[in-house]
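Structure first, then comments.
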Amino acid sequence: MNTGQYISGAGHIGLIAWLLLGGLFTREPEPFEMTEVSVISGADFDALMAAARPPQSTTEVAQPAQPTEAPETPELTSEPDTDIRQPAPLPTDTPPEDTPPELAEQTPPPEAPVQDPPPDLAEPVGDVAVLAPDVAPEAAPRPVERVAPEPVAQPEPEATPDPVEQEAVTPDSTGEAVEQETQEATAPEEAVSEIVTEATAAPAASSRPPGRRPAAPAPRVAEAPTETVETPAPAASDPAPSVNNDDVLAALAAAQEAVAAPTPSGPPLSAGEKDALRVAVSQCWNIGALSSEAMETTVVIGVQMNRDGTPVIDTIRMLSSSGGSDAAVRSVFDSARRAIVRCGSRGYSLPEEKFSQWQNIEMTFDPRKMGF
Amino acid sequence: MKRLMISGLLVAALAVTACTNPDRFGADGTGAGLDANAGTTGGIIPGSANDPSSTAFFQQSIGDRVLFEVDQSTLTATGRATLDGQAQWLMTNSDYQAIIEGHADEQGTREYNLALGARRANAAQEYLISKGVPSSRLRVVSYGKERPIEICSNEACYAKNRRAVTVLAGGLTS
Amino acid sequence: MTRFLLSLCAGLALMFSAPAQAQEPLRIIIDEAIIEPLPFAAPAFQAESPAAGQMASDLASVVAADLIGTGLFREIPSSAYISTVNDFNAPVQYADWKAINAQALVTGAVNVQGNNLNVKFRLYDVFSGAELGSGLQFSGTVDGWRRMAHKVSDAVYARITGEGPYFDSRVVYVSETGPKDDRKKRLAIMDYDGANVQYLTDSGAIVLAPRFSPSGDRVLYTSYESGFPRIYVLDIGSVSRRVLESAEGTMSFAPRFSPSGQTVVYSLTQGGNTDIFQMDIASGQSVRLTNTPAIETAPSYSPDGSRIVFESDRSGTQQLYVMPATGGEAQRISFGEGRYGTPVWSPRGDLVAFTKQNKGRFHIGVMRLDGSQERLLTASFLDEGPTWAPNGRVIMFARETQGASGSSTLYSVDISGRNLRPVSTPSGGSDPSWSPLQK
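Chains as they are written, first to last, in my numbering: chain U, 1 to 372; chain P, 1001 to 1174; chain X, 2001 to 2439.
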């Protein structure tokens, strides 16, 4: 409490000093990393892009060609540089752009292959897809813009919703793989730099006004999970969005497993154990390709774990997000999912006797203090 | 005191320019005052630097340019002296028009330097007008940093590039 | 019925396992990460027609070059591939791509029929074993193949980064040849990556600072072809031009379009004093926006057209100011050490890019509109004239090198300050202006 006030006080004094003396110091701005960018730019930028983009969208090109992948589509006849913008661009309606994506992202991707095998019909289902929004016009040509049929058979990871089975698959394939290539080589370096950063208490963050970071009391929350009331997700499966068979099956599977191998809840994870997990995920969380807006976006991700410490890939889902546009949220989620899967491919180092403590994990991915 | 030194430097710079640009200033460009006297008295070759009504005389003996300090468009004492000579010449040779070109060194952004060059050309123009040259005979243009005469990237060159040059036009029939 | 039974079973199972299931999830906060380019693979696209062979690999190369050029991605060389893609519609062998740590995989197929080109692609998140979004396809002419590659790159880039696309764009700039004291300048236009350079003017007169119209079809620039600097507007399609402002005894320069494309804001110099004016293009009517004895120039509109950022030395040195687009009181926004010029409002509206001079060095930097969070992205003997990529993430500018043999080259830099790299042009270049995304 006191510490908080001190920090806050220091921050405010710093801010006031900056306001008064700002002109004297060139370097001043750096500490105040951009925190609010997302709020403004999200809407502005979207609007801007919407204005600038409409005719360009792929729909354009593809749309006139009604027949699926018609071989001789005369859409854009002449030299594109000048042509494309002049002729027909306007007819298309791009409005539906933004709406679908986030939902699409959240619904478990594997549903698509399972539920509807016929490739052409793919559009109505879960795969409604993320990239396609601007392609969305309901008009006839719809099927055209999708590239052809979905890959018919999804590879293994998708196919198995059952945690027990899957753990066998994932580690196998990646286990050998990882050793072959550079990944193994790079990991240690990352680890080193990571740890150093932590030890030094993340210098970049220190100068930020503390008030802006709700996540500050991190450790406390983690140690006393019962205090948090925010997320009403007692059940193992996806909470709100869906009530379909998959959920039931997932719940069933989870329940069965719990029954089959009853474990004592065991003591909570020690701070060190949690920290090890945090560091392990951090080492694979690469935010190098995130947009500046995404760097202001926080997502909370739920994942169920296998007893061997590997994540159940299909259970990785977004619980909530804050701060960015759909596109930003999506890219942060993707990057976080990659991190969980990639560094967990051989199993996170978690004490098996406390399995029930970490069977369900909620990870908050917060890139904000690493902004430019 | 400091100002004096700067002025001195400018004069020196002018002298150096003359020495290193014989094609531009003529072999005897450094003896401006003497030449002026010589020109009015001796055997005159029309159009040559010895002909006081020639553009060559204007460029070399009177001096067609004034220099400025960094980011300034205020005329220096040397500059005013040169412009006095130009005004006198223009009054005498009233058939000539002149375009005053303002320039800046490369140490500045393009747009700003255009505007700065315009200020310099304008300063020279207004001085000439104040000395009696009809404004109808004078036009100004700025080249900003687009037309340096010296191309090294240090003060010796910059000093010569920060200039307003009076370029004569017309009047060849006189 | 089945469903009901399942639900029932599940319910029972849940009851039995209640203690375990009620366990609160473990909560952790990940607020540290690594920042490095994302490794991706873009194997040669599939040629679906005999004529598409070369294009299939060229397209993949351009896509890879686009992504690498952002500095946000790293390509895994094909020599490392364990398996390759032989069928655009076959399931991806994720394990093979995981093994070489390809985190994103771009596959594509190309079909050429006569002069028609059709390109399809898909993007996969290898470690999640899933396709990212759904694939897209583009159709056009064979001549436009590079644009189609850029469109593929744009889709991939936007999906992975969350940033808006920008590869399918062009840049108009001043092409420069010759030594400093006899430099020849002409307008040129090219793809954002330096390909397809075309010249729009000859080198008979000095030309400066071309600026794209919001629709990308016209360019404003300054030319000395009359002997005095005047603003011209040039139609790119027809390469025809006309003078916009030609009042006798004045100079006009530093023009920029409003977001509507209907008005132009620019500098006009009269009697040695430079102020900012606005002109309605259709009527030619102009209005004065500033009226001070100071140098006021380099105006740039906000994306919504309501405000203008510009530079003025009214305080004694060049500084940045913001005023309403109709003129009126201006607020100074730059307060750091040194001089600030050539402000350009970002297309997102949140930042201003500028040229800063301090202690004999030039910088390209960005700051927020209230002047806070100034960040210098570059430093050199002479950097100047930033222009924004259409997505507001990348800045292009010109860097002049020192000395008698100095020349000017275009560079681009990420607004993080990373990934500074020269843009390849046939000769020197300056005053770049980035187009909006092409349509």
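Note that CB positions come from ideal geometry on N, CA and C, so glycine has one too.
Q. The segment 2117-2143 of chain X: which residues have C-beta closer than 8 Å to a C-beta of chain U, in chain order?
A. ASN2118, LYS2120, PHE2121, ARG2122, LEU2123, ASP2125, PHE2127, SER2128, GLY2129, ALA2130, GLU2131, LEU2132, GLY2133, SER2134, GLY2135, LEU2136, GLN2137, PHE2138, SER2139, GLY2140, THR2141, ASP2143
- Task: Could you tell me which chain P residues have their CB closer than 9 Å to the CB of X/SER2267, listed as they occur along the chain?
- Result: GLU1111, LEU1114, ALA1115
Our contact map puts X/THR2269 next to X/MET2251 with C-beta atoms below 8 Å; I'd like the distance itself, whole angstroms only. 4 Å
Burial state of P/THR1109, where buried means 16 or more other Cβ atoms lie within 10 Å: With 16 or more other Cβ atoms within 10 Å, it is buried.
Between which two residues does the beta strand (DSSP E) carrying X/ILE2395 extend?
2394-2400
Can you check whether the C-beta of X/GLU2163 is within less than 8 Å of a C-beta belonging to chain U? So, interface residue.
When you compare each of X/ILE2076, X/PHE2397, X/SER2260, X/ASP2217 to X/VAL2344 by their alpha carbons, which one comes out closest? X/PHE2397
Exercise. Given that U/VAL341 touches chain X, what residues does it touch there, using C-beta distances under 7 Å?
Worked result: PHE2127, SER2128
Please name the residue in X/GLY2237, X/VAL2207, X/SER2226, X/PHE2228 whose C-alpha comes closest to that of X/ASP2217. Relative to X/ASP2217, the option among X/GLY2237, X/VAL2207, X/SER2226, X/PHE2228 whose CA is nearest is X/GLY2237.
Practice problem: Could you round the C-beta distance between X/PHE2121 and X/THR2107 to whole angstroms and report it? I think they count as a contact, below 8 Å. | Solution: That belief holds up - the Cβ atoms of X/PHE2121 and X/THR2107 are roughly 7 Å apart, short of 8 Å.
Going by DSSP in three states, X/LEU2254 sits in which element: helix, strand or coil?
One detail in the question is off: residue 2254 of chain X reads as Ala in this sequence, not Leu. Correct three-state label for X/ALA2254: strand.
Since U/VAL281 meets chain X, which of its residues come closer than 7 Å, beta carbon to beta carbon? ILE2030
So which residues of chain U does X/LEU2072 contact, with C-beta pairs closer than 7 Å? GLY288, ALA289
Residue-chain proximity (P/ARG1119, chain X), Cβ-Cβ < 8 Å:
Residue-level contact check: P/ARG1119 touches chain X, since one or more beta carbons of chain X fall below 8 Å from its beta carbon.
(request) Please report how far the alpha carbon of U/ASP275 lies from the alpha carbon of U/ARG337, in whole angstroms. (result) 19 Å
Would a check of beta-carbon distances place U/ALA327 closer than 8 Å to chain A?
Any reference to chain A falls outside this structure, whose protein chains are U, P and X.
Practice problem: Have a look at the DSSP bridge pairing and note the partners of X/VAL2309. | Solution: X/SER2300, X/VAL2322
*asked:* For X/ALA2209 and X/PHE2362, what's the separation of their Cα atoms in angstroms?
replied: 18 Å
Is P/ILE1129 helix, strand or coil by DSSP?
helix
*In its own chain, which residues sit with a C-beta less than 6 Å from the C-beta of X/ARG2399, not counting the 5 before and 5 after it?*
SER2380, ASP2383, THR2409, TYR2411
The alpha helix (DSSP H) enclosing P/MET1091, as first and last residue numbers: 1077-1092
Looking only at its chain, what residues have a beta carbon closer than 6 Å to the beta carbon of P/ALA1098, apart from the 5 residues adjacent to it on each side? LEU1138, THR1166, LEU1168, listed in sequence order.
query: Near U/PHE333, which residues of its chain fall below 6 Å by C-beta distance, leaving aside the five closest residues on each side in sequence?
result: VAL299, MET318
Where do the N-terminal and C-terminal ends of the beta strand (DSSP E) with X/GLN2270 fall, by residue?
2263-2270
- From the DSSP output, in three-state form, read off U/SER331 for me. helix
Taking X/ILE2035 as part of the beta strand (DSSP E), name the residues at either end of that continuous run. It is not in any beta strand (DSSP E) - X/ILE2035 carries neither H nor E in the DSSP assignment.
Based on Cα-Cα distance, which residue from X/PHE2335, X/ALA2044, X/GLU2245, X/GLY2261 lies nearest to X/THR2084? X/ALA2044
| message | Here's the rule: buried if 16 or more other CB atoms are within 10 angstroms of the residue's CB, otherwise exposed. What is X/ASN2115? | response | exposed
From P/ALA1118 to X/SER2346, what does the alpha carbon distance come to, in whole angstroms?
30 Å
* To do: Could you pull out every residue in the same chain whose Cβ sits closer than 7 Å to the Cβ of X/GLY2053, ignoring the five residues on either side in sequence?
  => ALA2047
Mapping DSSP to helix, strand and coil, what is X/LEU2105? strand
key: Three-way DSSP call (helix, strand, coil) for X/PHE2354 in this model   = strand
Fill in: Simplified DSSP state of X/GLN2373, which is helix, strand or coil
coil
ask   = Where does X/ARG2189 fall in DSSP's three states?
value = Per the sequence presented here, residue 2189 of chain X reads as Ile, with Arg not at that position. X/ILE2189 falls in the strand class under three-state DSSP.
task: Assign X/PRO2422 to one of three DSSP states: helix, strand, or coil.
output: Note: X/PRO2422 maps to strand in three-state DSSP.
Answer with yes or no whether the minimum CB distance from X/LEU2208 to chain P is below 8 Å.
-> yes
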